[in-house]
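For reference, the structure discussed in these notes is given below.
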Amino acid sequence: MNIFDEILHRLSSKTRTRALFNDVHIEDMEKIIRRMQKIVEEKKQARVIDQKERKARQSMIRNIQNTLKENGLSLDDLNERHVESDKRASRKMHTYEYITLSGDSVFWYGSAAGRLPKPFQQYLNRTGKKRVDCIVSEND
994 MNIFDEILHR
1004 LSSKTRTRAL
1014 FNDVHIEDME
1024 KIIRRMQKIV
1034 EEKKQARVID
1044 QKERKARQSM
1054 IRNIQNTLKE
1064 NGLSLDDLNE
1074 RHVESDKRAS
1084 RKMHTYEYIT
1094 LSGDSVFWYG
1104 SAAGRLPKPF
1114 QQYLNRTGKK
1124 RVDCIVSEND
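One rule links them: number in the numbering used here = place in the sequence shown (from 1) + 993.
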């Protein structure tokens, strides 16, 4: 049992609390009570602030919902645009074929952008072809 559990256990019973403060002077007990009252007031004020913030947040949410309804929009419409931007960011994958210096035909699977394997880049430089000229099949 940690110290906080022990304190709560002692203070949760009038008999245990009385036994705990049996040898304590009244002035010290009153000082402790004043400190505890200040803590209670601080907690109450914090709760009021939290409730005000929560109500303000709920009000903002209702305003946004009303604005969406007035304009004939839903949350799906907002997410749809995000999905479209993700689609534009995706890269199509292709299977490419190129011929190495030794004359071997090699298939390479990759995107239409980015770095190429060195032998593939050498093939393009040597032949003057572009990457798209070597596409054998398109894959998604």
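Think of the CB as a built atom: it goes at the ideal place given N, C-alpha and C, for glycine as much as any other residue.
In this text, all values refer to a predicted model and were calculated from it rather than measured experimentally.
| query | result |
| --- | --- |
| For THR1093 and TYR1116, I'd like the C-alpha separation in whole angstroms. | 7 Å |
| Taking PHE1014 as part of the beta strand (DSSP E), name the residues at either end of that continuous run. | It is not in any beta strand (DSSP E) - PHE1014 carries neither H nor E in the DSSP assignment. |
| Using the Cα positions of LEU1001 and LYS1007, report the straight-line distance between them to the nearest angstrom. | 12 Å |
| Going by DSSP in three states, SER1130 sits in which element: helix, strand or coil? | strand |
| For the region 1103 to 1112 against the region 1085 to 1092, are there 3 or more C-beta pairs whose distance is under 8 Å? | yes |
| In this structure, what does DSSP give as the bridge partners for PHE1100? | GLU1090 |
| Measuring straight from C-alpha to C-alpha, what distance separates GLU1035 and ILE1054? | 29 Å |
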